[in-house]
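Be aware that the sequence shown starts at 736, since it is given in the working numbering, and climbs by one per residue.
Below you'll find the structure, written out as structure tokens, and then a few comments.
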Amino acid sequence: MSGYKTKLIVAAIDFGTTYSGYAYSFKDEYKKDPSKIFANNSWSDGTSMRTSKAPTVILFDNKGKFNSFGYDAETKYAELSEDEEHIGWKYFRCFKMKLYEKMNLRRKMMLSDDQGNRMPALDVFSEAIKYLKDHLMKKVQSRIEDIRDTDIHWVLTVPAIWHDGAKQFMKEAAAKAGIPEDQLTLALEPEAAAIYCKELMVSKAKEQNEEANLQIFDPGSQFIVLDLGGGTVDITVHEVQSDGTLKELHPPSGGPWGGTVVDKGIHKFLDELFGKDVMAEFKEESEYKVDDLDLQRTIELKKRKFKDDEDKVKLKLPVAMYEHFEGKTSTSFASTLPMTKFARSVTKKKDRLIIENDIFLQMFKNPKDCLVNHVENMLRKPALRKVKNIIMVGGFSESEIMKNAVKHAFPTKKIIVPDQPEIAVVTGMYMI
Ligand SMILES: Nc1ncnc2c1ncn2[C@@H]1O[C@H](COP(=O)(O)OP(=O)(O)OP(=O)(O)O)[C@@H](O)[C@H]1O
Ligand SMILES: [Mg+2]
């Protein structure tokens, strides 16, 4: 870890399944005040929504050259598709999952894109890392002009459950992106999150004289970190040692109960309303790609804003969706609605669906129940009896529904959700 001590800047990249981001700090500034870690909080999908990470989506042109990443890649590909100009371009989403699935990963592994075209996985990963690296460098250069590549030590996250082959692959991808091995540290995601919680929360608690939050990290104290991500929930349990370091009390565990389960539930609901065939065509036909992207972004926004006590959910759908339905079935959507199983729970007003709150709540049931059951079972273990604190990080921890579910299920525990839980991992990497 010598790089941390000698380099001017530490830069961390959190390469997530669904969203990716970065953070950086200047060594001298950070030494004086550990809260001086900067993330880019202004990724934008072109609407008013600003996020602290960008979707892990990458686009290459028809010659295989990198074109764009994140929201820009999503928009560009949808627009190209609408004009039938997307043929031969390569568009990759959710490709990080592939590294885990391929246990016997080889360096020559290929990934299939949206159109079924193949490209070496190493190129896809390295271009994505390079994009985030260059983006970060530009930010840093806006503060210090003459910064050089050699002034930076890089940290890159990897899931704790990854095998060595996948970790080696990440190192090679980073090298190809211009990060030499001696300037790189791989950090385990849940470990970074745990350290973030410990270090940053202690320094904040001291600053604000919050005695209660300080005690969470007293020697002997045990705490669970729940990292609620896009694909998975990752859970770790640590005990603070007398020298302040952390000891792992339980191997990392978890399951596929991340935020994308909710997206799938919403899509299933739309399938039931509009018909599976109508929805499948709407998603596949290139003329609708821009509308489909609008739909995905609307769903993301609704999911982020949804609360238990919301009266009804108003979901504004693309007009093209109703038109496609009506073209296929020769009936108006509004006239078929009373004949579906949602007759009493969904109504239509202009291009909006007005949906009973219960239907939306149902989408969170599976991730909520799976998480709560898993943690309940863990806490029954004698070794974990002393756990008093549960810390929630990851983007999906920002959901009111998930926060309340954990609070209600464990009323005797202290539940802590830091500000901006989705960047806890990236900020925690400094302290490793
Ligand atoms: N305010 C919010 N409310 C509800 N869900 C949210 C909110 N913000 C982000 N999410 C969801 O959290 C998930 C992304 O979380 P995060 O960025 O921690 O995941 P990731 O790092 O991409 O995934 P992983 O850690 O599994 O690789 C997405 O499903 C996203 O929709
Ligand atoms: Mg993550």
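Virtual Cβ for every residue (Gly too), placed ideally from N, Cα, C.
This structure is a prediction, so every number in the text was calculated from the model and none was measured.
Short of 7 Å from the beta carbon of N776, and not among the five residues preceding or following it, lie these beta carbons of its own chain, in chain order: R785, S787.
Here the alpha carbons of T741 and K1040 stand approximately 43 Å from one another.
Here L923 carries a strand assignment [DSSP, helix/strand/coil]. As the crow flies, the alpha-carbon of V1013 is around 22 Å from that of E809.
Rounded to the nearest angstrom, the gap between the Cα atoms of E880 and G751 is 29 Å.
With 16 or more other Cβ atoms from the protein chains shown falling within 10 Å of its own Cβ, A747 counts as buried.
Non-local beta-carbon contacts of K1038 in its own chain, meaning distances under 6 Å to residues more than five positions away in sequence, involve V997 in chain order. In this structure, the straight-line span from the alpha carbon of S956 to that of G989 is close to 22 Å. Contact check for G994 against F830 fails: the beta carbons are separated by 8 Å or more.
Only exposed fits V1054, as fewer than 16 other CB atoms lie within 10 angstroms of its CB.
Exclusion of Y835 from the 7 Å shell around ligand 1 follows from its C-beta lying no nearer than that to any non-hydrogen atom of the ligand. Contact holds between the region 754-766 and the region 788-795, because three or more Cβ pairs, one in each stretch, are under 8 Å apart. Taking the C-beta atoms as reference points, E1135 is found no nearer than 8 Å to K1049. When rounded, the separation of the alpha-carbon atoms in Y1023 and A895 is 39 Å. At least one heavy atom of ligand 1 is found less than 7 Å from the C-beta of S1134. In terms of Cβ geometry, V1122 and K1138 do not form a close pair [threshold 8 Å]. Remark: C-beta atoms of G913 and K874 do not approach each other more closely than 8 Å. Every residue with a CB closer than 5 Å to a heavy atom of ligand 2 is listed here in chain order: G751, G964.
Following the DSSP letters along the chain, one finds L963 inside the beta strand (DSSP E) bounded by residues 957-963. Collapsing the DSSP output to three states places S770 in coil. Annotated three-state conformation of T741 is helix, per DSSP.
Remark: the shortest separation between the CB of D780 and any heavy atom of ligand 1 does not fall under 7 Å. If you draw a straight line from the Cα of F827 to the Cα of V1128, it comes to about 26 Å. Here H870 carries a helix assignment [DSSP, helix/strand/coil]. DSSP places T971 in the uninterrupted beta strand (DSSP E) bounded by 968-975. Not a single heavy atom of ligand 1 lies less than 7 Å from the C-beta of Y757. Ligand 1 has a heavy atom closer than 7 Å to the beta-carbon of K831.
The C-beta separation of H1059 from F1017 comes to about 5 Å, placing the pair in contact by the 8 Å criterion. Taking 8 Å as the cut-off, the Cβ atoms of E924 and D962 count as close. Annotation for Y754 indicates a beta carbon within 7 Å of some heavy atom of ligand 1.
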